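Protein chains: 2
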Amino acid sequence: MTQLGPGRPRLAPRRRQGQTPRAEILDAAAELFTTHGYGSTSTRAIAEAVGIRQASLYHHFGAKDDILDALLGETIAAAAELAERLGRRPEPATVRLYTLARFDIGQLCEARWNIGALYFLPELHGERFTRFRSRRDALRTSYEKLAAQVVAGAGEAIEARTLPFRLVETVINIRSDAGGVPEETRRAIAEAVLRVLGVGDDLAGIREAAEILARELRV
Amino acid sequence: MTQLGPGRPRLAPRRRQGQTPRAEILDAAAELFTTHGYGSTSTRAIAEAVGIRQASLYHHFGAKDDILDALLGETIAAAAELAERLGRRPEPATVRLYTLARFDIGQLCEARWNIGALYFLPELHGERFTRFRSRRDALRTSYEKLAAQVVAGAGEAIEARTLPFRLVETVINIRSDAGGVPEETRRAIAEAVLRVLGVGDDLAGIREAAEILARELRV
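Printed below as a string of structure tokens:
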């Protein structure tokens, strides 16, 4: 048996993705929640999947909903940070919105497990997830603010400003049905984010400017 | 105690939506599945919510997944039927696609429970739901065929033909977050279905023609 922290024996060698016990627990939980269901997964099953004792799991997470909360937070953290940085940039709103959408689509598609499918759990309406809900609301608001600026430029489709955020999250639906999202579809969704706001001209130019911006921001 | 079918005593008077015991079971199950979770809901809890004995429930449904299958089928049946009728109509593809989207958005929004949120259950990947998955695939294909005709007309955005179906289903995501979908948003989504395909001109004319077609088809 290998050692996991001071005096905590592991029941099996590490076989999970992740550099730390915490990351391994999150990876195992994400797999079980998305393939067996949240309600049907016990902390005991998660500990077993990692190869640690249940008591060791409780050293990292107080309860199953703490694990879910950490996983949900991961689905929005990087996009929220990018949205904040984009708010301070001088590029046109079209370019910034495309950059945000393209990044967010990419990270939702490439995450090892389709954690966004857990947004639909009834548990998320409870008080325990108030903080996650308000963080996700903040990200949605960032999308809507950028979209409103784009619409002001395009002069129509103001009601559609809520749709870019929704379009980006359709990759969760596509992954859930099809397992993966081809590159052409990712690009089509990012372009659709602008099209629903009435932007149809020079999508190639916007895409190019967004690629330059993304490289500069290292995302 | 009132009577439910030949010799089956009810434990409580009917208090569920639905004209028949079967409809009452479906209504109760939809509520429990969407508010407590599918995994956490037993057939016993469903029977109790209806006010019938568990044995009576089994008279209508062999198992919990049969109830889920019936509920899922309800989310696509009417749209699939309309899609078939629209396939035989002479109106332009833009008008037919808008008509389908507007109808489907409406029925997904107005269903008493947001059953589409159950599309994300891991259980749906099992063999039990092969038939439902292929029925939903057929509906998606109907959308894609209409969208491909629209794109052929607009001459661009061919990859986007997968998006109208996905856009319509975002009402499931919006309901899940916000509880309801305002009329302006429903209309914005239906218009976005055309915008993502590169159709930006004369949306008002298409909308009007679609309203006439919907009245003619009585949907």
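Those protein sequence lines, which keep their order, are chains A and B.
Counting with numbering that gives the first Met the number 0, you get residues 0 to 218 for the letters of the first sequence.
Counting with numbering that gives the first Met the number 0, you get residues 0 to 218 for the letters of the second sequence.
Think of the CB as a built atom: it goes at the ideal place given N, C-alpha and C, for glycine as much as any other residue.
For clarity, every value in this text was computed on a predicted model and none was experimentally measured.
- Between the beta-carbon of A29 of chain A and that of I114 of chain A there is about 6 Å, and that keeps the pair under the 8 Å contact cut.
- By the Cβ neighbour-count rule, P163 of chain B is buried, with 16 or more other Cβ atoms within 10 Å of its own.
- Using a Cβ-Cβ distance cut-off of 8 Å, the stretch 172 to 181 of chain A and the stretch 102 to 121 of chain A are in contact, since at least three pairs of beta carbons, one from each stretch, lie closer than that value.
- The alpha carbon of E207 of chain A has as its nearest neighbour, out of A:T74, A:L85, A:E143, A:R95, the alpha carbon of A:R95.
- Here the alpha carbons of R134 of chain B and Y57 of chain B stand approximately 25 Å from one another.
- Relative to K63 of chain A, the option among A:V170, A:T42, A:S55 whose CA is nearest is A:T42.
- When DSSP states are grouped into helix, strand and coil, H59 of chain A belongs to the helix group.
- The beta-carbon separation of T93 of chain A and V149 of chain A, rounded to 5 Å, stays under the 8 Å limit for a contact.
- Contact check for A116 of chain B against S55 of chain B fails: the beta carbons are separated by 7 Å or more.
- Scanning chain B for C-beta atoms nearer than 7 Å to the C-beta of G199 of chain A yields G197, G199, reported in chain order.
- In the three-state scheme derived from DSSP, where H, G and I count as helix and E and B as strand, D136 of chain B is classed as helix.
- Less than 7 Å divides the Cβ of I24 of chain B from the Cβ of V49 of chain B.
- Rounded to the nearest whole angstrom, the CA to CA distance from R15 of chain B to R111 of chain B is 12 Å.
- Of the residues assessed, G125 of chain A falls on the exposed side of the cut-off, its CB having fewer than 16 other CB atoms within 10 angstroms.
- Straight-line measurement puts the Cα of T33 of chain B at about 26 Å from the Cα of G61 of chain A.
- Only residues of its own chain outside the window of five on either side were considered, and among them R134, A137, L138, S141 have a CB closer than 8 Å to the CB of A79 of chain B, listed in chain order.
- Chain-ordered, the chain A residues with CB closer than 7 Å to the CB of F119 of chain B read A116, F119, S175.
- Closest option to E143 of chain B, judged by alpha-carbon separation, among B:A82, B:R127, B:A77: B:A82.
- The alpha-carbon separation between L145 of chain A and G204 of chain A amounts to approximately 18 Å.
- In chain order, A187, E190, A191, R194 make up the part of chain A whose C-beta sits under 8 Å from the C-beta of A159 of chain B.
- Restricted to the stretch 11 to 59 of chain B, the alpha helix (DSSP H) segments that are unbroken, complete and at least 4 residues in length are 20 to 34, 42 to 49, 53 to 59, listed in chain order.
- According to the DSSP assignment, I104 of chain B belongs to the alpha helix (DSSP H) that extends over 92 to 109.
- Y97 of chain B is a Cβ neighbour of A209 of chain B, given a cutoff of 7 Å.
- Against chain B, a Cβ distance below 8 Å from L162 of chain A picks out L166, T169, A187, I188, A191.
- In this structure, F131 of chain A and L71 of chain A form a Cβ contact; the two beta carbons are roughly 5 Å apart against a cut-off of 8 Å.
- Taking C-beta atoms as the reference points, V195 of chain A and A191 of chain B count as a pair closer than 7 Å.
- Rounded to whole angstroms, the separation of the alpha carbons of E90 of chain B and E215 of chain B is 12 Å.
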